[in-house]
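Written below as structure tokens is the structure these notes are about.
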Amino acid sequence: MTGFRPAGLAKLAILGAHCDDLAIGAGGTLLTICRSRPGIEIEALVLSGGGTEREDEERAALAAFCPGARLSVTVLKLRDGRFPAQWEEAKEAVEALRTRIEPDLVIGPQAEDAHQDHRALAKLIPTVFRGPPSLGYEIVKWDGDLGKPSVYQRLSPENAELKVTLLHEHYPSQRHRPWYDREAFLGLARLRGIECQARYAEAFHTGKLTLDLAGD
């Protein structure tokens, strides 16, 4: 297993279809990045939940998951479960995000996600962000759509535990869901850790990756 460390990571764009997607899919990675890079600039876009208690949860959660970052959060009001029919509004929102940041890395949902909202957003990202590397996070769900990811971010036990703590602390509206528990979140992190020779990890999908083997 070969590790890859980007030369510079100063600006990050993160995208989610729903409030809590980013925290569930990449919360440990966000903690890892922000704890090691104080002052990193992060632009977050969430397409649904605006104007509800979910927006309040999301803003508080992302502040906790991105400690020390220069964080800007936008939460819109697209209808949950209807994103393919709201393609134009979603595309405009992602394009607007692009005008606010030139990211070194983009993190969003992955294109094979079984949830139509996640999948629609994932397919929009490469149409707007054509230059920077992009990682697609995974979210466990009843659809059983967990695939074979190719990119892993190892998580320290501290960050893995903190991710679970923050998920339960900041999203009380989701606690009633049968899959929203410590075993599910840490269980997946443990399995992905096994796959990359670590205790815990988060896994991602990626499309194109350009190499520069000349080393100049």
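If you want the numbering used here, it's the position in the sequence shown, counting the first as 1, plus 1498. Ideal Cβ positions, reconstructed from N, Cα and C, are used throughout, including at glycine.
For Lys1589, the three-state DSSP class (helix, strand or coil): helix
Continuous beta strand (DSSP E) assignments of at least 3 residues falling wholly in the region 1509-1558: 1509-1514 and 1539-1544
Cβ of Pro1582 within 8 Å of Cβ of Gln1608? no
On a CA-only basis, which of Arg1598, Tyr1650 and Val1571 is nearest Arg1503? Give me that one, please. Tyr1650
Could you give the DSSP three-state label for Gly1606: helix, strand or coil? Strand at Gly1606.
Who pairs with Ala1701 in a beta bridge, going by DSSP? Tyr1650
Pull up the distance between the alpha-carbon of Ser1671 and that of Thr1704, whole angstroms please. 31 Å
So what does DSSP say about Leu1684, is it helix, strand or coil? helix
Where does Gly1691 fall in DSSP's three states? helix
How would you call Arg1617, buried or exposed, if buried means at least 16 neighbouring beta carbons within 10 angstroms? buried
I'd like the span of the alpha helix (DSSP H) that includes Leu1576, first residue to last. It is not in any alpha helix (DSSP H) - Leu1576 carries neither H nor E in the DSSP assignment.
Which same chain residues end up closer than 8 Å to Pro1601 when comparing Cβ atoms and leaving out the 5 residues on each side of it in sequence? Lys1509, Leu1510, Ala1511, Glu1541, Phe1627 and Pro1630
Within the present structure, is the beta-carbon of Trp1677 separated from the nearest heavy atom of the ligand NAP by less than 7 Å? For the ligand NAP, the structure offers nothing, since it holds no ligand at all.
Looking only at its own chain, which residues have a Cβ that is under 6 Å from the Cβ of Ser1570, when we skip the five neighbours before and after it? Glu1541
Three or more C-beta pairs under 8 Å: does that hold for the region 1673-1684 against the region 1587-1596? By the Cβ test, the region 1673-1684 is not in contact with the region 1587-1596, since fewer than three Cβ pairs between them sit closer than 8 Å.
Beta-bridge pairing of Ala1632 - partner residues as DSSP gives them: Note that residue 1632 corresponds to Ser in the displayed sequence, not to Ala. Partner(s): Val1604.
Taking its Cβ as the centre, do 16 or more other Cβ atoms sit within 10 Å of Ile1692, making it buried, or is it exposed? exposed
For Tyr1635 versus Ala1524, is the C-beta distance shorter than 8 Å? Yes, they are a contact pair.
Quick test of your reading: Ala1588 and Leu1622, contact by CB under 8 Å. State the CB separation rounded to the nearest angstrom. 6 Å
For Ile1522 and Leu1665, what's the separation of their Cα atoms in angstroms? 7 Å
Which term fits Ser1648, buried or exposed, when burial requires 16 or more other beta carbons within 10 angstroms of its beta carbon? Exposed: under 16 other Cβ atoms inside 10 Å.
Taking C-beta to C-beta, are Ala1687 and Glu1700 nearer than 8 Å? Their beta carbons are under 8 Å apart, which means Ala1687 touches Glu1700 by this criterion.
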